[in-house]
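*Asks:* A single structure is presented below for examination.
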Amino acid sequence: MKNIFFGLLAVFFFSNLSAQKMPENDKTEFSAEALNQKIQDIDGKITTVGEIFGAHRGKVILLDIWATWCPDCITGFPELKKIQKKYPDAVYLFFSLDRIGKEEVWKNGIEKYELNGEHYWFNTEWKNDFDNFIDLNWIPRYMVIDQTGNIAHYYSIHADDPRMIQVLEKTLKN
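Going by our numbering, the first residue of the sequence shown is number 8, and it counts up by one from there.
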(Lines of atoms letter the chains of each structure in order from A and count residues from 1; the text may use other names and numbers.)
(Lines give C-alpha, C1' and ligand atoms only; values in the text may rest on other atoms or scores of the structure.)
Protein backbone atom coordinates (compact mmCIF):
# COMPACT_ATOMS: atom_id res chain seq x y z
CA MET A 1 0.00 0.00 0.00
CA LYS A 2 2.85 2.34 0.88
CA ASN A 3 4.51 1.67 -2.50
CA ILE A 4 1.27 2.46 -4.34
CA PHE A 5 0.94 5.74 -2.45
CA PHE A 6 4.50 6.81 -3.26
CA GLY A 7 4.09 5.66 -6.84
CA LEU A 8 0.97 7.79 -7.28
CA LEU A 9 2.69 10.69 -5.55
CA ALA A 10 5.62 10.45 -7.98
CA VAL A 11 3.27 10.35 -10.99
CA PHE A 12 1.44 13.43 -9.69
CA PHE A 13 4.71 15.29 -9.04
CA PHE A 14 6.22 14.55 -12.44
CA SER A 15 2.99 15.27 -14.30
CA ASN A 16 2.94 18.73 -12.68
CA LEU A 17 6.51 19.35 -13.78
CA SER A 18 5.54 18.73 -17.39
CA ALA A 19 2.93 21.50 -17.12
CA GLN A 20 5.83 23.94 -16.84
CA LYS A 21 7.78 22.49 -19.74
CA MET A 22 9.37 25.09 -21.98
CA PRO A 23 7.93 25.23 -25.48
CA GLU A 24 10.04 23.32 -27.99
CA ASN A 25 10.49 26.28 -30.35
CA ASP A 26 11.02 29.90 -29.47
CA LYS A 27 8.90 32.07 -31.72
CA THR A 28 10.26 35.40 -32.92
CA GLU A 29 7.20 36.93 -34.59
CA PHE A 30 3.55 37.05 -33.58
CA SER A 31 0.85 35.54 -35.78
CA ALA A 32 -1.94 37.72 -37.16
CA GLU A 33 -4.40 35.82 -34.94
CA ALA A 34 -2.34 36.56 -31.81
CA LEU A 35 -2.08 40.26 -32.69
CA ASN A 36 -5.82 40.44 -33.43
CA GLN A 37 -6.72 39.02 -30.01
CA LYS A 38 -9.11 41.41 -28.28
CA ILE A 39 -8.16 42.66 -24.85
CA GLN A 40 -9.67 45.22 -22.49
CA ASP A 41 -7.81 48.16 -20.97
CA ILE A 42 -8.25 49.41 -17.42
CA ASP A 43 -10.92 51.89 -18.55
CA GLY A 44 -13.02 49.19 -20.23
CA LYS A 45 -12.00 50.03 -23.80
CA ILE A 46 -11.58 47.02 -26.08
CA THR A 47 -8.42 47.01 -28.18
CA THR A 48 -6.15 44.36 -29.69
CA VAL A 49 -2.76 43.06 -28.69
CA GLY A 50 -1.39 44.35 -32.00
CA GLU A 51 -2.67 47.87 -31.33
CA ILE A 52 -1.01 47.84 -27.92
CA PHE A 53 2.32 46.66 -29.32
CA GLY A 54 2.02 49.12 -32.21
CA ALA A 55 1.52 52.02 -29.80
CA HIS A 56 4.93 51.18 -28.33
CA ARG A 57 6.83 50.65 -31.57
CA GLY A 58 10.39 51.88 -31.05
CA LYS A 59 10.34 50.87 -27.37
CA VAL A 60 11.31 47.65 -25.62
CA ILE A 61 8.41 45.92 -23.85
CA LEU A 62 8.54 43.57 -20.90
CA LEU A 63 5.26 41.66 -20.89
CA ASP A 64 3.98 39.98 -17.72
CA ILE A 65 1.04 37.59 -18.13
CA TRP A 66 -0.48 37.07 -14.70
CA ALA A 67 -3.63 36.68 -12.58
CA THR A 68 -4.64 37.71 -9.08
CA TRP A 69 -5.31 34.07 -8.15
CA CYS A 70 -1.76 32.99 -9.11
CA PRO A 71 0.62 32.67 -6.12
CA ASP A 72 3.69 32.42 -8.37
CA CYS A 73 2.67 35.68 -10.08
CA ILE A 74 2.41 37.46 -6.76
CA THR A 75 5.73 36.03 -5.59
CA GLY A 76 7.40 37.48 -8.70
CA PHE A 77 6.21 41.07 -8.21
CA PRO A 78 9.04 42.22 -5.89
CA GLU A 79 11.65 41.06 -8.41
CA LEU A 80 9.73 42.64 -11.26
CA LYS A 81 9.68 45.94 -9.36
CA LYS A 82 13.49 45.75 -9.06
CA ILE A 83 13.70 45.23 -12.82
CA GLN A 84 11.42 48.22 -13.41
CA LYS A 85 13.66 50.36 -11.22
CA LYS A 86 16.86 49.17 -12.92
CA TYR A 87 15.45 49.44 -16.48
CA PRO A 88 13.07 52.42 -16.48
CA ASP A 89 13.27 52.87 -20.27
CA ALA A 90 11.34 49.66 -20.93
CA VAL A 91 7.56 49.65 -21.25
CA TYR A 92 5.90 47.32 -18.74
CA LEU A 93 2.70 45.67 -19.91
CA PHE A 94 0.56 43.44 -17.72
CA PHE A 95 -1.91 41.07 -19.42
CA SER A 96 -4.29 39.56 -16.88
CA LEU A 97 -5.90 36.15 -17.10
CA ASP A 98 -8.31 36.82 -14.26
CA ARG A 99 -11.52 34.93 -14.86
CA ILE A 100 -14.44 36.16 -16.91
CA GLY A 101 -16.62 38.48 -14.86
CA LYS A 102 -13.83 39.23 -12.37
CA GLU A 103 -12.95 42.73 -13.60
CA GLU A 104 -13.08 44.27 -10.12
CA VAL A 105 -10.86 41.53 -8.72
CA TRP A 106 -8.32 42.31 -11.47
CA LYS A 107 -8.44 46.07 -10.81
CA ASN A 108 -8.17 45.57 -7.05
CA GLY A 109 -5.15 43.30 -7.60
CA ILE A 110 -3.36 46.01 -9.58
CA GLU A 111 -3.88 48.42 -6.70
CA LYS A 112 -3.13 45.90 -3.95
CA TYR A 113 0.19 44.83 -5.47
CA GLU A 114 1.05 48.38 -6.63
CA LEU A 115 1.78 47.29 -10.18
CA ASN A 116 3.18 50.12 -12.28
CA GLY A 117 2.72 49.84 -16.02
CA GLU A 118 -0.09 49.44 -18.52
CA HIS A 119 -2.79 46.98 -17.61
CA TYR A 120 -5.00 44.86 -19.84
CA TRP A 121 -7.43 42.01 -19.20
CA PHE A 122 -8.31 39.26 -21.65
CA ASN A 123 -11.81 38.70 -20.21
CA THR A 124 -11.77 35.35 -22.01
CA GLU A 125 -11.03 31.80 -21.12
CA TRP A 126 -7.38 30.90 -20.51
CA LYS A 127 -6.96 29.65 -24.05
CA ASN A 128 -7.44 32.44 -26.54
CA ASP A 129 -5.61 33.18 -29.80
CA PHE A 130 -2.78 35.05 -28.09
CA ASP A 131 -2.26 32.46 -25.33
CA ASN A 132 -2.47 29.59 -27.81
CA PHE A 133 0.11 31.22 -30.07
CA ILE A 134 2.63 31.71 -27.25
CA ASP A 135 2.08 28.13 -26.01
CA LEU A 136 0.96 29.43 -22.62
CA ASN A 137 1.29 26.60 -20.12
CA TRP A 138 2.11 28.47 -16.92
CA ILE A 139 1.81 31.86 -15.34
CA PRO A 140 3.44 34.11 -14.66
CA ARG A 141 4.88 34.26 -18.14
CA TYR A 142 7.37 36.92 -19.09
CA MET A 143 8.33 37.95 -22.61
CA VAL A 144 10.53 40.69 -24.05
CA ILE A 145 9.28 42.41 -27.21
CA ASP A 146 11.85 44.42 -29.18
CA GLN A 147 11.54 47.87 -30.74
CA THR A 148 10.10 46.45 -33.97
CA GLY A 149 7.40 44.37 -32.25
CA ASN A 150 9.23 41.06 -32.59
CA ILE A 151 9.78 38.61 -29.76
CA ALA A 152 13.29 39.01 -28.31
CA HIS A 153 12.71 36.62 -25.39
CA TYR A 154 9.95 34.04 -25.68
CA TYR A 155 9.70 32.16 -22.40
CA SER A 156 10.37 32.83 -18.73
CA ILE A 157 8.25 31.89 -15.75
CA HIS A 158 10.43 33.66 -13.18
CA ALA A 159 10.94 37.43 -13.10
CA ASP A 160 14.55 36.93 -12.02
CA ASP A 161 15.40 34.64 -14.97
CA PRO A 162 18.95 35.72 -15.89
CA ARG A 163 18.39 34.88 -19.56
CA MET A 164 15.40 37.21 -19.75
CA ILE A 165 17.20 40.02 -17.92
CA GLN A 166 20.20 39.65 -20.23
CA VAL A 167 17.97 39.90 -23.32
CA LEU A 168 16.11 42.89 -21.84
CA GLU A 169 19.39 44.68 -21.15
CA LYS A 170 20.83 43.88 -24.58
CA THR A 171 17.63 44.87 -26.40
CA LEU A 172 17.45 48.18 -24.53
CA LYS A 173 21.00 48.99 -25.70
CA ASN A 174 20.10 48.49 -29.39
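Idealized CB from N, CA, C, for every residue including glycine.
Can you give me the start and stop residues for the beta strand (DSSP E) that residue 69 sits inside?
*Replies:* 68 to 73 is the extent of the beta strand (DSSP E) around residue 69.
*Asks:* Could you tell me which residues DSSP puts in a beta bridge with residue 55?
*Replies:* The partner list for residue 55 (beta bridge, DSSP) reads 45.
*Asks:* Straight-line CA distance for residue 38 to residue 152?
*Replies:* Each residue's alpha carbon lies about 14 Å from the other.
*Asks:* Leaving out five residues before and five after residue 33 in sequence, what residues of the same chain have Cβ atoms less than 6 Å from its Cβ?
*Replies:* Counting only Cβ-Cβ distances below 6 Å, and skipping sequence neighbours, we find 161.
*Asks:* Is the number of C-beta pairs between the segment 79 to 89 and the segment 56 to 64 that are closer than 8 Å three or more?
*Replies:* The segment 79 to 89 is not in contact with the segment 56 to 64.
*Asks:* Per DSSP, which residues does residue 158 bridge with? Please list them.
*Replies:* Answer is 152.
*Asks:* Is residue 126 near residue 163, with beta carbons less than 8 Å apart?
*Replies:* Their beta carbons are not under 8 Å apart, which means residue 126 does not touch residue 163 by this criterion.
*Asks:* Can you tell me where the alpha helix (DSSP H) with residue 113 in it begins and where it stops?
*Replies:* Here the alpha helix (DSSP H) through residue 113 covers 110 to 119.
*Asks:* So, with DSSP's three-state summary, where would you put residue 176?
*Replies:* Residue state, collapsed to three classes: helix.
*Asks:* Run the CB neighbour count on residue 148, radius 10 Å, all protein chains shown included, and call it buried at 16 or more, exposed below.
*Replies:* Its Cβ being crowded by 16 or more others within 10 Å, residue 148 is buried.
*Asks:* Could you have a look at residue 38 and say whether DSSP puts it in helix, strand or coil?
*Replies:* Three-state result, residue 38: coil.
*Asks:* Is the beta carbon of residue 42 less than 8 Å from the beta carbon of residue 68?
*Replies:* No; because the gap between Cβ atoms is not below 8 Å, this pair is not in contact.
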